[in-house]
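As numbered in the numbering used here, residues 48 to 357 make up the sequence shown, in order. Encoded as structure tokens, the structure appears first; notes follow it.
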Amino acid sequence: MALDPLPAFDDLPLLADLGLRHAWGVFGEDDVLGTVNLLTAERVAEAAALVRTGETISLDLPLDQPDPPLFGRKPFRHEVFALSRNEMDDRLDNFHLQASTQWDALSHIRCREFGFWGGRTENPSSSGNDLGIDRWAEYGIAGRGVLLDVAGHLGDLDPFSPTELPVDVLLGTARSQGVALRTGDVLCIRTGWVGAYRALDPRGRAALAEAGRFCGLRPDEAMARFLWDSHVAALCCDNPAVEPVPGDPAVGSLHRRVLPLLGLALGEMFDFEALADRCRASGRWAFFFVAAPLKVPGGVGSPGNAVAIL
48 MALDPLPAFD DLPLLADLGL RHAWGVFGED DVLGTVNLLT AERVAEAAAL
98 VRTGETISLD LPLDQPDPPL FGRKPFRHEV FALSRNEMDD RLDNFHLQAS
148 TQWDALSHIR CREFGFWGGR TENPSSSGND LGIDRWAEYG IAGRGVLLDV
198 AGHLGDLDPF SPTELPVDVL LGTARSQGVA LRTGDVLCIR TGWVGAYRAL
248 DPRGRAALAE AGRFCGLRPD EAMARFLWDS HVAALCCDNP AVEPVPGDPA
298 VGSLHRRVLP LLGLALGEMF DFEALADRCR ASGRWAFFFV AAPLKVPGGV
348 GSPGNAVAIL
């Protein structure tokens with residue numbers, strides 16, 4: 048299937064009742080990968096050629112962070128136990144796949160009665176919905192990662208406020224870093240949320256979980272247009288929701304605009320702190336991005352399980 052050239056955002060069809068554009072059918076009528084299709088073997092090979100030092104940097108938070116969990120979730124329980132005198136095992140109970148660094152599968156968000164990606168209306172718990180995270184896990188997520196250090200560019204961004212970051216901020220950050228996006232890139236956005244969260248004491252972390260206020264990408268049509276016309280394969284942010292929380296209903300939901308309608312892979316709470324330091328020191332903002340989501344059949348999310356290779 049030929050993927051290029053992709054139609055421009057403004058040429059995509061509209062869901063008339065909502066005035067929102069969708070890319071259903073662009074990758075085939077029965078597509079289950081969305082923009083992950085753009086991670087072709089040729090692009091993966093090109094991205095692998097970016098490796099110079101071989102240094103690997105984990106992009107995941109520990110599974111027990113944030114602590115306390117956000118959005119009303121409860122902590123998981125980790126039990127280590129003996130199988131025999133010399134053999135140990137362990138297990139997790141109450142483990143939320145989207146409580147820490149995470150991928151949102153295409154079955155995570157529905158666009159009202161119009162359905163999930165491709166117009167599927169079946170509930171994710173039914174056998175008729177084939178958009179589970181295991182689809183991306185089977186295909187693999189690997190390609191050219193590009194880090195936009197928005198926090199470093201702006202200098203005074205408060206990650207614990209519902210500040211909206213418009214397209215112009217992303218473009219300005221890219222220009223200041225001398226980097227340009229290419230088709231199939233994994234776009235990584237640093238708002239500074241993870242670093243600021245680490246600096247909080249336990250009382251501050253509890254207050255943050257209660258308040259539920261975070262900065263993020265402005266969830267308007269201009270952002271959806273930018274992301275689609277940039278032809279990125281995935282968008283990963285270091286904040287809890289990609290977009291601001293609480294959001295403005297008058298502007299809309301970025302999740303709804305890009306996950307069920309454009310098929311864009313979304314990642315949240317990725318840890319870009321160490322990566323930003325290395326990129327700043329070297330002046331190189333592109334790297335080999337590799338992630339292996341958990342192959343949970345029908346899962347609507349997964350821990351990020353991602354590394355940057357420099």
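Think of the CB as a built atom: it goes at the ideal place given N, C-alpha and C, for glycine as much as any other residue. Bear in mind the structure is a predicted one, so any value in this text is a computation, not a measurement.
Would you kindly check if the distance between the Cβ of Ala94 and the Cβ of Ala152 is under 8 angstroms?
-> Cβ distance not < 8 angstroms, so Ala152 and Ala94 don't count as in contact.
Would you call the CB atoms of Asp136 and Phe123 closer than 8 angstroms?
-> Cβ atoms of Asp136 and Phe123: not closer than 8 angstroms.
Backbone CA spacing between Ala33 and Leu194 [nearest angstrom] = In the structure displayed, the chain extends from 48 to 357; residue 33 sits before or after that span and is not available.
Glu134: first and last residue of the uninterrupted beta strand (DSSP E) it sits in = For Glu134, the enclosing beta strand (DSSP E) starts and ends at 134-140.
6 angstroms CB neighbourhood of Ala269 in its chain, flanking five on each side removed = Within the same chain, Ala269 has close Cβ partners Val214.
Taking the runs of the alpha helix (DSSP H) that are 4 residues or longer, which of them lie wholly in the segment 276-344?
-> Here the runs fully enclosed are 301-305, 320-329.
Separation of Leu301 from Ala280, as counted between CA atoms | One C-alpha to the other measures close to 16 angstroms.
Proximity winner among Ala146, Arg191, Val241, Thr100, relative to Pro350 (alpha-carbon distances) | Ala146 is the residue among Ala146, Arg191, Val241, Thr100 whose C-alpha sits nearest the C-alpha of Pro350.
Which of helix, strand or coil DSSP assigns to Val91 | Helix.
Apart from the five residues on each side of it in sequence, which residues of its chain come closer than 7 angstroms, Cβ to Cβ, to Arg303?
-> Cβ within range, chain order: Ile156, Cys158.
Straight-line Cα distance separating Cys326 from Arg222 = Their Cα atoms are separated by approximately 15 angstroms.
Euclidean distance between Cα positions of Leu67 and Leu61 = Looking at the two C-alpha atoms, the distance is approximately 5 angstroms.
3 or more residues per run - each beta strand (DSSP E) lying fully within the segment 176-218 = Listed in chain order, they are 188-196.
Taking the continuous beta strand (DSSP E) assigned at Gly372, which residues delimit it?
-> Within the shown structure, residues of the chain are numbered from 48 to 357, placing residue 372 beyond reach of any answer.
Secondary structure at Leu274, three-state DSSP: helix, strand or coil?
-> In the displayed model, Leu274 falls within a helix according to three-state DSSP.
What span of residues does the beta strand (DSSP E) with Leu130 cover, start to end?
-> 124-131 is the extent of the beta strand (DSSP E) around Leu130.
What residues in its chain sit with their C-beta under 8 angstroms from that of Ser329, if we drop five residues either side in the sequence?
-> Contacts found: Leu357.
Mapping DSSP to helix, strand and coil, what is Gly348?
-> Residue state, collapsed to three classes: strand.
How long is the line joining the alpha carbons of Gly162 and Trp183, rounded to whole angstroms?
-> Roughly 20 angstroms between the two C-alpha positions.
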